[in-house]
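Asks: When we follow my numbering, the leftmost residue of the sequence shown carries the number -9, and every step to the right adds one.
No residue lacks a Cβ here, since even glycine has one placed at the ideal position from N, Cα and C.
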Amino acid sequence: MKDVLDELAAVHRQLRKRSLPAGEPHAVVLRRRYAAEIDDVWDAVTSAERLSRWFLPVSGDLRLTPGPAGDTEFELVHTAIVDEVFFSTYGPGATGVGWDLGLLGLALHLAGDGIGNPGGFESSPEAREFSRRSAVSWGEAHLAAGGDPAQVGAAVEATTTFYVSDPT
């Protein structure tokens, strides 16, 4: 199986503010390349049978871009109007860590690996460290978007506490 912690470095994370008639949503952006041809990635993310191997049934818009070396660039933009108290408590990591875990599942699937027992994986030391590092990475993206350092630090801590369950 691939080293799941190495997978964190493969993802570019960004936080964007948008404007919609219904309010001011936050958007988390995840972008990464997969060492797979675009047709294979497309099938993995649109075929109900393959999607269920690494994720859950979903709906939405998807765009893939062929990479220069036969790889595929995947970009996901999750836009939502989020209660400001919730966002100030957890920041973009509340959504971002979950999507990092999803992209990890896709990477493992495309590599011919799999998580196996998702429930067992979630409580493994490897998954706990992955989620902790993902929360930190989303904190870095939040800072890059102009977040207040003290608030970002508290949000990273709260998000880590949420995702990294107590192993006992």
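Note down the Cα distance separating Ala101 from Ala0, rounded to an integer number of angstroms.
Replies: When rounded, the distance between both Cα atoms is 14 Å.
Asks: At 4 residues or longer, what runs of the alpha helix (DSSP H) sit wholly inside the stretch 72 to 104?
Replies: Counting only runs of 4 or more, we get 74 to 80, 83 to 100.
Asks: Just to confirm, are Leu93 and Leu20 a CB contact at a threshold of 8 Å?
Replies: Yes.
Asks: Buried or exposed: Arg3, going by 16 or more other Cβ atoms within 10 Å of its Cβ?
Replies: Arg3 comes out buried.
Asks: Comparing alpha-carbon positions, which option in Leu96, Ala70, Ser121 lies nearest Arg8?
Replies: When only C-alpha atoms are compared, the closest one is Ala70.
Asks: Looking at the unbroken beta strand (DSSP E) that takes in Val1, where does it start and where does it end?
Replies: First-last of the beta strand (DSSP E) with Val1: 1 to 7.
Asks: Using a Cβ-Cβ cutoff of less than 6 Å, which residues in the same chain neighbour Gly129 once the five nearest sequence positions on both sides are dropped?
Replies: Hits under 6 Å: Val142, Val146.
Asks: Would you tell me roughly how many angstroms separate the C-alpha atoms of Met(-9) and Asp103, rounded to the nearest one?
Replies: Any reading at Met(-9) is ruled out, since the residue's pLDDT is 49, under 50, leaving its predicted position unreliable.
Asks: Contact between the stretch 72 to 92 and the stretch 25 to 41 is defined here as three or more beta-carbon pairs at a separation below 8 Å; is this criterion met?
Replies: Output reads no: the stretch 25 to 41 does not touch the stretch 72 to 92.
Asks: Does the Cβ of Asp138 have 16 or more other Cβ atoms within 10 Å, making it buried, or fewer, making it exposed?
Replies: Flag for Asp138 reads exposed.
Asks: Tell me the rounded alpha-carbon separation between Gly57 and Glu63.
Replies: Approximately 6 Å, taken between the alpha carbons.
Asks: Given a threshold of 16 other Cβ atoms within 10 Å of its Cβ, counted over all protein chains shown, does Ala117 qualify as buried or as exposed?
Replies: Result: buried.
Asks: Going by DSSP, name the residue or residues bridged to His68.
Replies: Looking at the DSSP assignment, His68 forms a beta bridge with Val18.
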